[in-house]
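This report refers to the structure that appears directly beneath it.
Protein chains: 2
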Amino acid sequence: MAVEWKGDGPGLLLQLDRDAPRQLGHQLQEQLRAAIRAGALRPGERLPSSRGLAEQLGISRGLVVDTYAQLYAEGYLVSEVGSGTRVADRAEATAEPTTADDSHSGAGSAPRVEHPPRRFDVDFEYGIPDLASAPVRDWVWALGDAARLAPATLMGDEPAPGDPRLRDVLAAYHRRVRAGASIPERTLVTTGFRHALTLVFATLAKHGIQAVGLESPGPRDHDRIAERHGLQAVPIPVDEDGVDVAHLHESSARAVVLTPAHQCPTGVALSPVRRQELMAWAEQVDGFVIEDDYDSEFRYDRQPVGSLQGLAPERVIALGSVSKTLAPGIRIGWIFAPPTLVDGLVETKALTSRGAPALDQLALARLMESGRYDRHLRRMRTTYQARRDALIAAVDEYLPELRLTGLAAGCHAVLRLPEGTDEATVVAEAEKRAVSVRGLGNYQLGNVGAGTPGLVMGFGNVNESAIRRGVRVLAEVLDPGQR
Amino acid sequence: MAVEWKGDGPGLLLQLDRDAPRQLGHQLQEQLRAAIRAGALRPGERLPSSRGLAEQLGISRGLVVDTYAQLYAEGYLVSEVGSGTRVADRAEATAEPTTADDSHSGAGSAPRVEHPPRRFDVDFEYGIPDLASAPVRDWVWALGDAARLAPATLMGDEPAPGDPRLRDVLAAYHRRVRAGASIPERTLVTTGFRHALTLVFATLAKHGIQAVGLESPGPRDHDRIAERHGLQAVPIPVDEDGVDVAHLHESSARAVVLTPAHQCPTGVALSPVRRQELMAWAEQVDGFVIEDDYDSEFRYDRQPVGSLQGLAPERVIALGSVSKTLAPGIRIGWIFAPPTLVDGLVETKALTSRGAPALDQLALARLMESGRYDRHLRRMRTTYQARRDALIAAVDEYLPELRLTGLAAGCHAVLRLPEGTDEATVVAEAEKRAVSVRGLGNYQLGNVGAGTPGLVMGFGNVNESAIRRGVRVLAEVLDPGQR
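If you want it as structure tokens, here you go:
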């Protein structure tokens with residue numbers, strides 16, 4: 515099978531670039547490795563003697579000896595007394611990257627997520643802020659300021675819960691703006707909402723909790739994240755007062771994930787009565803409420819409702835991030851934890867990922883301390899209010915018979931469709947016309963919480979004329995005869 | 515129990531600052547919340563009528579009505595027909611932060627990790643690069659450059675595996691410098707080594723692997739991380755040729771975590787024969803080798819040994835990070851994955867944390883593309899070589915009878931102690947003299963791999979005169995009579 519390799523080697527071995535003489539050894543190594551990987555040199559195949567190869571290539575024998583030694587150390591070659599140097603059995607041609615220098619063209623099972631997102635003329639994507647308004651300039655200013663302030667130790671491993679200054683600032687901000695009862699000692703910095711939720715689920719599972727209630731309809735993927743951590747995901751229906759606490763009582767769940775300020779996706783706020791019932795439930799089952807405060811900063815008609823965490827800091831785990839307020843790409847989030855869970859959360863975080871970069875954390879603290887964060891939020895509130903008004907106006911004009919709900923806050927609303935409308939057909943027809951929108955059904959867990967059909971209309975990253983265009987297309991789709 | 519609250523309220527309610535008239539409502543709300551949390555207003559207690567309180571405070575009745583409505587919406591108050599507005603049952607004084615504005619002084623179970631690190635004159639801490647040399651200026655340049663290059667979409671949610679440009683650059687770098695067979699399609703960006711290891715363990719567990727071999731002595735905490743993901747941690751002894759593959763064969767492990775280039779902490783390199791045996795084992799058990807390439811960039815006497823991943827990309831999962839090359843605070847790491855695990859790893863990452871910030875990822879790509887990364891490594895290699903030489907010289911001078919091992923690479927070595935020396939006593943005595951060092955035993959899993967006693971001497975973040983001072987102290991501790 516293995517061919518004795520004599521005389522001139524494969525062409526690639528001769529492609530040494532003599533204008534870079536000190537690199538000859540590296541060139542030789544790399545080409546031998548490539549030849550082995552590509553199968554040009556087969557397992558068991560004997561290499562020429564170092565003297566022979568040196569003569570043939572017109573290089574020093576020492577260079578060849580060093581090269582063989584290196585590839586021997588790396589496991590590409592084996593060396594046996596009496597039989598010279600051979601290609602190792604395990605160094606066979608296996609992977610698709612056939613040469614080390616041409617791997618971009620290597621085949622490979624590119625994962626789905628690699629596909630570029632489909633392009634639409636209008637994309638009512640949910641949960642994305644206006645990316646063109648991301649305060650990149652402010653952020654770079656804050657990073658520079660942080661670097662100027664940063665002691666050398668900042669670049670080392672930080673305390674596991676996160677940068678102390680940022681935790682101070684986040685807790686104070688939550689108290690001030692969200693009427694929270696957060697304190698820095700119980701604040702953890704994460705790399706965003708998902709990281710926070712992962713840490714919470716993992717910690718609750720270790721705390722003996724086996725099932726977690728999830729709103730249905732509710733945020734996507736939370737069931738998969740829960741199941742990853744061995745928690746059973748229990749769908750809990752949502753009505754116009756928010757999550758149905760009576761269903762929680764009937765379930766085995768001892769924790770529940772909620773979006774109380776502006777329910778995702780229906781947009782309702784958890785009613786005062788439900789808030790009381792919920793807290794009573796948590797106390798009764800010795801459980802926890804996980805408060806996802808994802809878009810409370812943008813509220814248009816009235817003052818933001820205070821955080822549940824302020825009401826019962828020992829029962830509520832409040833999660834937040836800058837993904838909606840600044841940009842998802844910043845990747846900073848936080849947890850305001852009850853006293854009983856702090857140590858468990860910190861341990862989980864320390865063991866699974868050390869979290870966000872030191873400089874970024876300090877930069878966010880500086881952005882908030884300097885007032886730039888608030889200024890950005892005020893600016894964006896104006897932007898989003900205009901888009902919301904454009905959405906209302908467009909629906910009034912093109913779809914006057916339909917109702918928009920969940921408009922009090924955030925960057926999305928729900929367009930309620932006539933009873934009996936098939937969401938999937940509407941979505942598919944809209945896509946054909948280059949308008950992307952999602953049906954409410956996408957947010958349901960199983961069949962729980964199924965109600966009237968509707969479309970979730972994210973307006974965070976769509977400008978006003980696109981909103982108008984998009985709604986006009988939806989009107990055509992919904993009632994082609996009329997228009 | 516609950517007192518009817520009449521006439522003048524508690525003092526705090528009267529502290530309205532009339533110079534900021536538009537803030538009066540907020541002041542009133544905040545003070546009522548604080549009073550409820552502090553227990554000054556008890557559950558069930560009835561609040562004064564809105565008219566009465568308005569008169570008493572000399573403010574408009576509407577302001578009081580709005581305030582009550584807000585606190586009702588937040589769950590602090592309940593409102594019942596016939597009995598007026600009362601403090602809600604659940605809004606009892608619970609948490610230590612007794613007032614919302616004074617929470618810094620709030621008691622609270624501050625987790626251990628909050629304690630400031632003990633200060634030593636000399637700290638031979640393992641695994642920390644020279645923090646004062648962290649290229650903060652280069653990093654800020656790269657962040658600024660990245661911001662200039664970044665399209666707005668960069669600030670949105672990136673592809674789950676990580677920034678495509680950084681994955682290109684990392685894979686190419688690994689091929690060039692570490693003789694890897696990495697390709698961008700199988701490269702994931704993480705927030706550091708721990709995050710990478712967490713993703714790998716979680717994915718292997720889902721892949722049906724139940725036990726993972728860990729070097730003993732070996733890196734700390736890996737057993738706890740493995741167990742968190744439901745993997746049994748099996749200690750595998752290490753000798754002067756690296757991990758003992760025969761023990762792997764006897765174990766139930768189908769995966770093993772290795773530090774082949776410079777074993778942590780012993781400093782040995784995995785021998786060529788062992789490399790072959792290891793790859794044969796992985797093939798035989800249909801398993802995986804997790805290659806922790808933590809400090810291979812710093813090698814002093816010979817060229818770096820190539821990455822195992824280059825040898826068998828379908829069996830080796832190579833992990834790396836910039837924690838040793840730049841600074842731990844940067845928090846970027848990566849995974850070069852085998853084709854069979856890419857999809858699972860990407861899914862795990864997408865569900866558990868979206869990873870590193872967009873700008874930071876592009877900044878690292880720019881740092882590497884611009885040559886600044888290599889320049890920094892060259893500079894640090896000189897620094898570390900000088901520290902290593904200082905360590906050798908100091909041991910020669912003060913402890914000539916002892917042997918240093920594991921010096922060929924990285925930023926630590928092992929000082930072998932005389933047979934029978936009690937490591938713990940030496941460590942404790944050194945600490946009393948303000949020198950911090952760790953015993954080899956700290957890196958053992960159970961009793962596996964126990965050998966001659968030794969001290970792990972990290973010299974990455976200690977300058978040359980401190981190294982000399984520290985070794986002199988160790989000499990005093992080890993042989994007090996002689997000196």
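Sequences listed follow chains S and U, in order.
Residue 515 is where the first sequence starts when you use our numbering, and the numbers rise one by one after that.
Residue 515 is where the second sequence starts when you use our numbering, and the numbers rise one by one after that.
All residues carry an ideal CB built from backbone N, CA and C; glycine is no exception.
A quick note: this is a predicted structure, and the numbers were derived from the prediction, not measured.
Give, in chain order, every unbroken run of the beta strand (DSSP E) that is at least 3 residues long and sits entirely within the stretch 773–831 of chain U.
802–806
Determine the direct distance from the alpha carbon of U/LEU959 to that of U/GLY801, and round the result to whole angstroms.
On the second sequence, position 287 is the one that residue 801 of chain U refers to. On the second sequence, position 445 is the one that residue 959 of chain U refers to. Cα to Cα, U/GLY801 sits roughly 22 Å from U/LEU959.
For U/LEU718 and S/PHE715, the rounded distance between their alpha carbons
Along the first sequence, one-based indexing puts residue 715 of chain S at 201. Along the second sequence, one-based indexing puts residue 718 of chain U at 204. So the alpha carbons of these two residues sit roughly 20 Å apart.
What do you get for S/ARG547, buried or exposed, if any count of 16 or more other CB atoms within 10 angstroms of its CB means buried?
Numbered from 1 along the first sequence, position 33 holds the residue referred to as residue 547 of chain S. When all chains shown are included, S/ARG547 counts as buried.
Interface residues of chain U facing S/ASP874 [CB-CB closer than 9 Å]
Residue numbering aside, residue 874 of chain S sits at position 360 when the first sequence is read from its first letter. Chain U residues near S/ASP874: ARG845, PRO871, LEU873, ASP874.
Neighbour flag for U/GLU672 against chain S, beta carbons, 8 Å:
Within the second sequence, numbered from 1, the residue matching residue 672 of chain U stands at position 158. At least one chain S Cβ lies under 8 Å of U/GLU672.
Tell me the rounded alpha-carbon separation between U/LEU784 and S/GLU594.
Walking along the second sequence from the start, residue 784 of chain U turns up at place 270. Walking along the first sequence from the start, residue 594 of chain S turns up at place 80. Cα to Cα, U/LEU784 sits roughly 18 Å from S/GLU594.
Terminal residues of the beta strand (DSSP E) in which S/PHE715 lies
Walking along the first sequence from the start, residue 715 of chain S turns up at place 201. Note, S/PHE715: premise wrong, no beta strand (DSSP E); alpha helix (DSSP H) at 707–720.
Bounding residues of the beta strand (DSSP E) (the contiguous stretch that carries S/THR704)
Here residue 704 of chain S refers to the residue found at position 190 of the first sequence. Run containing S/THR704: 701–704, per the beta strand (DSSP E) assignment.
Mind listing the chain S neighbours of U/ARG738? Cutoff is C-beta to C-beta under 8 Å, in chain order.
As a working note, residue 738 of chain U is residue 224 in the second sequence. Those within 8 Å of U/ARG738 in chain S are LEU865.
Contact belief for U/ARG681 with U/PRO698 at Cβ below 8 Å, rounded distance in angstroms
Within the second sequence, the letter at position 167 stands for residue 681 of chain U. Within the second sequence, the letter at position 184 stands for residue 698 of chain U. That belief holds up - the Cβ atoms of U/ARG681 and U/PRO698 are roughly 4 Å apart, short of 8 Å.
Could you tell me which whole beta strand (DSSP E) segments of length 3 or greater appear in the stretch 850–921 of chain S?
917–919
Straight-line CA distance for S/LYS946 to S/ARG952?
Within the first sequence, numbered from 1, the residue matching residue 946 of chain S stands at position 432. Within the first sequence, numbered from 1, the residue matching residue 952 of chain S stands at position 438. For S/LYS946 and S/ARG952, the distance between alpha carbons rounds to 14 Å.
Between the Cα of U/PRO675 and the Cα atoms of U/GLY858, U/PHE707, U/GLY572, U/GLU978, which residue gives the shortest distance?
Your numbering for residue 675 of chain U matches position 161 in the second sequence. Nearest of U/GLY858, U/PHE707, U/GLY572, U/GLU978 to U/PRO675, Cα basis: U/GLY858.
Cβ pair S/GLY843, U/MET669 closer than 8 Å:
Taking the first residue of the first sequence as position 1, residue 843 of chain S is located at position 329. Taking the first residue of the second sequence as position 1, residue 669 of chain U is located at position 155. Yes, they are a contact pair.
Would you please verify whether the beta carbon of S/ALA661 is less than 8 Å from any beta carbon of chain U?
Translated into positions along the first sequence, residue 661 of chain S becomes position 147. Taking Cβ atoms only, chain U reaches closer than 8 Å to S/ALA661, which makes this a yes.
What would DSSP say about U/PRO751, mapped onto helix, strand or coil?
For this step, residue 751 of chain U is matched to residue 237 along the second sequence. If DSSP states are grouped into helix, strand and coil, U/PRO751 belongs with the strands.
Inspect the beta-carbon positions of U/PRO779 and U/TYR957 and report whether they are closer than 8 Å.
Along the second sequence, read from residue 1 onward, the residue named residue 779 of chain U stands at position 265. Along the second sequence, read from residue 1 onward, the residue named residue 957 of chain U stands at position 443. A contact, by the Cβ cut-off of 8 Å.
Excluding the 5 residues preceding and the 5 following S/THR599 in the sequence, name in chain order all residues of the same chain whose CB lies nearer than 6 Å to its CB.
Numbered from 1 along the first sequence, position 85 holds the residue referred to as residue 599 of chain S. Once the five neighbours on either side are set aside, the close Cβ partners of S/THR599 are LEU561, TYR582, LEU591, SER593.
So, is the C-beta of S/VAL782 closer than 8 Å to a C-beta in chain U?
Walking along the first sequence from the start, residue 782 of chain S turns up at place 268. Closer than 8 Å to the CB of S/VAL782 there is not a single CB belonging to chain U.
Interface residues of the stretch 763–791 of chain S facing chain U [CB-CB below 7 Å]:
PRO786, ARG789, GLN790
U/ARG560 by DSSP, collapsed to three states: which one?
Locating residue 560 of chain U in the second sequence gives position 46, counting from the first residue. Correct three-state label for U/ARG560: strand.
The beta strand (DSSP E) spanning S/LEU728 covers which residue range?
Start at 1 with the first residue of the first sequence, and residue 728 of chain S comes out as number 214. Here the beta strand (DSSP E) through S/LEU728 covers 725–730.
Which partner residues does U/ALA927 have in the DSSP bridge list?
On the second sequence, position 413 is the one that residue 927 of chain U refers to. Its beta-bridge partners are U/MET971.
Of all the options S/HIS709, S/HIS736, S/GLN746, which has the alpha carbon lying nearest to the alpha carbon of S/GLN724?
Walking along the first sequence from the start, residue 724 of chain S turns up at place 210. Per the Cα distances, S/GLN746.
Please determine, among S/ARG690, S/PRO852, S/LEU645, the residue with the shortest C-alpha to C-alpha distance to S/TYR898.
Counted from its first residue, the first sequence places residue 898 of chain S at position 384. Put simply, of S/ARG690, S/PRO852, S/LEU645 the residue whose alpha carbon is nearest the alpha carbon of S/TYR898 is S/LEU645.
Chain-ordered chain S contacts of U/THR667 [CB-CB under 8 Å]
Translated into the one-based positions of the second sequence, residue 667 of chain U becomes position 153. In chain order: LEU645.
C-beta atoms of U/GLY847 and U/HIS709 nearer than 8 Å
Here residue 847 of chain U corresponds to residue number 333 of the second sequence, with the count starting at 1. Here residue 709 of chain U corresponds to residue number 195 of the second sequence, with the count starting at 1. Going by C-beta atoms, U/GLY847 is nearer than 8 Å to U/HIS709.
Closer than 8 Å by beta-carbon distance: list the chain S residues that pair up with U/HIS709, in chain order.
Taking the first residue of the second sequence as 1, we reach residue 709 of chain U at position 195. Chain S residues near U/HIS709: THR866, SER867, ARG868.
Taking buried to mean at least 16 other C-beta atoms within 10 Å of its own C-beta, is U/GLY934 buried or exposed?
Taking the first residue of the second sequence as 1, we reach residue 934 of chain U at position 420. Exposed: under 16 other Cβ atoms inside 10 Å.
Mind checking the stretch 788–814 of chain S against chain U and listing, in chain order, the residues whose C-beta falls within less than 8 Å of any C-beta there?
ARG789, GLN790, MET793, ALA794, GLU797
Exposed unless 16 or more other CB atoms sit within 10 angstroms - verdict on U/HIS763
Mapped onto the second sequence, residue 763 of chain U falls at position 249. Label assigned to U/HIS763: exposed.
With distances taken from CA atoms, which of S/GLU978, S/ALA760, S/LEU881 is nearest S/TRP795?
Counting from 1 along the first sequence, the entry for residue 795 of chain S is found at position 281. That would be S/ALA760, whose Cα lies nearest to the Cα of S/TRP795.
Coarse secondary structure for S/VAL757, derived from DSSP in three states
Taking the first sequence and counting its residues from 1, one reaches residue 757 of chain S at position 243. In this structure, S/VAL757 counts as strand in the three-state DSSP scheme.
Go ahead and pull the three-state DSSP assignment for S/THR599.
Locating residue 599 of chain S in the first sequence gives position 85, where the first residue counts as 1. Strand.
If you follow the alpha helix (DSSP H) that U/SER979 is part of, which residue opens it and which one closes it?
As a working mapping, residue 979 of chain U is identified with position 465 in the second sequence. Taken as a continuous stretch (DSSP letters only), the alpha helix (DSSP H) holding U/SER979 covers 978–992.
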